[in-house]
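Okay, structure first, notes after.
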Amino acid sequence: MRLQLALNVKDLDAAIAYYSELFGTSVHKRKPGYANFSIEDPPLKLVLFEAPDADQPLNHLGVEASEQSEIDCAAARLSQARLNDSEQQDENCCFATQNKVWSTDPNGTRWEWYRVLEDTTSFGDDTNTPGPSQSAVR
0 MRLQLALNVK DLDAAIAYYS ELFGTSVHKR KPGYANFSIE DPPLKLVLFE APDADQPLNH
60 LGVEASEQSE IDCAAARLSQ ARLNDSEQQD ENCCFATQNK VWSTDPNGTR WEWYRVLEDT
120 TSFGDDTNTP GPSQSAVR
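Take a look at the structure:
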């Protein structure tokens, strides 16, 4: 597993240039209004959403899992604690098909536990994740 940090950025090209230098790595996936980095050290999935009108830079936080059992365990734990907002299977989001579970902390910060099943060519229609054309932070 590794942590995910999803940020709203005003200028995607400038943010990619900055984070490429900051972490000494190139962008992993680049699409219109969207980019992500798969950083090994420190283990981090950095996701950038181009959202010039966003109220704040934080879009959401997450935990990227490598095995479905990690998602299942998180879903069960969050459900038992009554912290589970929703679960999604085979959801097309962020140019990938994913299984995920969502939770919201007391301050309104969204967290997702997710596993990428495969890459896709479209952003998707996951209404839990504001994307390149959405500026609201959920």
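Numbering follows numbering that gives the first Met the number 0, in which position 13 of the sequence shown is assigned residue number 12; successive positions increment by one, without gaps. Even glycine gets a Cβ: it sits at the ideal position worked out from N, Cα and C.
Are there 16 or more other CB atoms within 10 angstroms of the CB of A109, so buried, or fewer, so exposed? Inspection of the sequence shows that residue 109 is occupied by Arg rather than by Ala. It counts as buried.
With a threshold of 16 other CB atoms inside 10 Å of the CB of E20, please say whether the residue is buried or exposed. Under this definition E20 is an exposed residue.
So, using beta-carbon positions, are A73 and W101 closer together than 8 Å? For the 8 Å CB-CB criterion, A73 and W101 do not form a contact.
Can you find the residues in the same chain that come closer than 8 Å, C-beta to C-beta, to I70, ignoring five residues on each side of it along the sequence? Taken in chain order, the residues that qualify are A64, N98, K99, V100, W112, Y113 and R114.
Candidates A53, S78, G32 and V26, of which the one nearest C93 by Cα: The residue with the shortest Cα to Cα distance from C93 is G32.
Out of N58, A13 and D104, state which residue places its alpha-carbon closest to the alpha-carbon of L6. Nearest option by C-alpha distance: N58.
In whole angstroms, what is the alpha-carbon distance linking P42 and Q3? Using only the alpha carbons, I get a separation of about 9 Å.
Give me, in chain order, the residues of the same chain whose beta-carbon lies closer than 8 Å to that of E90; leave out the 5 immediate sequence neighbours on both sides. Cβ neighbours of E90 beyond the five flanking positions: T96, Q97, N98, K99, G123 and D125.
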